[in-house]
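No gaps in the numbering here: position 268 of the sequence shown is 505 in my numbering, and each next residue is one more. Ideal Cβ placement from N, Cα and C applies to all residues, glycine included.
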Amino acid sequence: MRILVTGGAGFIGSHLTDRLIADGHYVIVMDNLITGNYNNIARHRSNPQFEFIHHNVSNFIHVIGDLDWVIHFASPASPIDYLNLPIETMKVNSLGTHHTLGVAMAKKAKFFLASTSEVYGDPIVHPQPETYWGNVNPIGPRGVYDESKRFAEALTGAYHHQHGLDSRIVRIFNCYGPRLRPDDGRVVSNFIKQALLNEPLTIYGEGQQTRSFQYVSDLVDGILLLMGVEHHEPVNIGNPEEKTVLQLAALIKELTGSSSEIVYKPLPVDDPQRRLPDITKARTLLGWSPKADLNDGLLKTIDWYREFLGIPAKSSVAQR
Ligand code: UDP
């Protein structure tokens, strides 16, 4: 198949691109590299099955040739990125989604939207099933991401209902793995970097808030399975193993063999208190469930960070 992946130079987009190319597909990555990195896909540069277009999908999109899929992953996705780039974030999820939907229509291609657990905001229902409408502050700092992703879901649904577009929507819960940008400010990237540099681990608030972390290969498996079924409603993909931020800090300290201390910083505005996916739908519809163990996934990520930051392995724990 010929597949357009917007945001394909980003963390998740590049892992998906790797898998699609390995599966024999022709992949066109379109990315403006504001949060993505060409190094994430540079390994494919001389592959005749690969093409890179440096372009912002918030502007009109032109792609030469047929397409079977348009996969829309372009968007800043970490809180500090979308707080620094609020208008770009809103534009890529509104105008960018409109343009990519238009390309899919013009090419008679299927459409795949990367949505997010952030559509549930600071949830008051646990775990979060797809039927939950969420608890989002539209005018808070996170609203730029949450509301524009909600709009993207609504627009994708409208194209499906009005034009019969064959669409998919995945709601992605916290994902980590190699290529998670060390400076993107997320909790896994911050803690691993801080632990490896023996700097204090920065806990926001009291660290009792929870997240459920999935390893990137599990997410890519879920995305590929969702492409294979005709289901137009959103599907949660996430690992239902809930951890407090303090538990995560302790685990990363242990796995890195770090002597970092823990320091407490103010909790960001509207930071969700709990997040836990209900993955009943993914299990029944796709036969998907996460395979990666948190320790193993974190160790692989830590290895990548060591290499990226040029830090040699020291402790026996880290070698496990
Ligand atoms: N967090 C933290 N220390 C950090 C970075 C994040 O305690 O250095 C917390 C953050 O307040 C949130 C959780 O970790 O409660 C997850 O934050 P992240 O930015 O990874 O993503 P989110 O799930 O909030 O989108």
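Discussion item. Given a cut-off of 9 Å on the beta-carbon distance, is the pair Y382 and P471 in contact?
Written reply: no
Worksheet item: Using CA coordinates, which residue listed in T337, I460, Y275 is at the minimum distance from L402?
Response: T337
Worksheet item: Would the C-beta of E355 count as close to ligand 1, meaning under 8 Å from any of its heavy atoms?
Response: yes
Worksheet item: Helix, strand or coil: which one does DSSP assign to Y413?
Response: strand
Worksheet item: Do the region 270-285 and the region 337-350 make contact, defined as three or more Cβ pairs closer than 8 Å?
Response: no
Practice prompt. State the Cα-Cα distance for the pair Q286 and L241, rounded to the nearest angstrom.
Written response: 12 Å
Worksheet item: Roughly how far, in whole angstroms, is the beta-carbon of L560 from the beta-carbon of G442, given that I think they are within contact range, below 8 Å?
Response: One cannot answer for residue 560 here, as it falls past the ends of the chain, which runs 238 to 557.
Worksheet item: Rounded to a whole number of angstroms, what is the C-alpha to C-alpha distance between I258 and R239?
Response: 10 Å
Worksheet entry | Local conformation of L322 per DSSP, three classes | coil
Worksheet entry | Rounded straight-line distance, which links the Cα of H292 to that of D420 | 23 Å
Worksheet item: When every heavy atom of ligand 1 is checked, does at least one fall within less than 8 Å of the C-beta of V407?
Response: no
Worksheet item: Below 9 Å between beta carbons: does that hold for V373 and Y357?
Response: yes
Worksheet item: Does ligand 1 have even one heavy atom less than 8 Å from the beta-carbon of G442?
Response: yes
Worksheet item: Where I548 and L433 are concerned, what is the direct C-alpha to C-alpha distance, given to the nearest angstrom?
Response: 7 Å
Practice prompt. For my contact list, L462 and L523 are in at a C-beta cut-off of 8 Å; report their separation, rounded to the angstrom.
Written response: 4 Å
Worksheet item: Does the distance from the CB of N284 to the CB of A311 come in under 9 Å?
Response: no
Worksheet item: In or out: L485 buried (at least 16 other Cβ within 10 Å) or exposed?
Response: buried
Worksheet entry | Reference T493; option with closest CA among L392, D540, T353 | D540
Fill in: Own chain partners of F297 with C-beta closer than 8 Å, once the 5 adjacent residues on each side are dropped
H336
Worksheet item: Is Q510 helix, strand or coil by DSSP?
Response: coil
Worksheet item: Are there 16 or more other CB atoms within 10 angstroms of the CB of N435, so buried, or fewer, so exposed?
Response: exposed
Fill in: Residue from S352, R379, L417 with nearest C-alpha to I324
R379
Worksheet item: Alpha carbon to alpha carbon, what distance is there between S426 and A555?
Response: Low confidence applies here, because A555 scores a pLDDT of 45, under 50, leaving its location unreliable; read the following figure in that light. In a straight line, the C-alpha of A555 is about 16 Å away from that of S426.
Item to complete: Kindly examine ligand 1 and report whether one of its heavy atoms sits closer than 8 Å to the Cβ of F248.
Response: no
Worksheet item: Hey, quick one: how far does the beta strand (DSSP E) through Y441 stretch, first residue to last?
Response: 438-441
Item to complete: Report the rounded CA-to-CA distance for V264 versus S404, giving the unit in angstroms.
Response: 19 Å
Discussion item. So if DSSP puts P471 in a beta bridge, which residue, or which two residues, is it bridged to?
Written reply: I406
Fill in: Q446 beta carbon near ligand 1 (any heavy atom closer than 8 Å)
yes
Fill in: Proximity test, D268 beta-carbon vs ligand 1 heavy atom, cut-off 8 Å
no
Practice prompt. Report, in whole angstroms, the separation of the C-beta atoms of T439 and R512, which I expect to be a contact under 8 Å.
Written response: In fact, because the Cβ distance is near 19 Å, the residues do not count as touching under 8 Å.
Worksheet item: ligand 1 heavy atoms versus the CB of G422: any closer than 8 Å?
Response: yes
Practice prompt. Return the bridge partner residues of L241 from the DSSP annotation.
Written response: I265, V307
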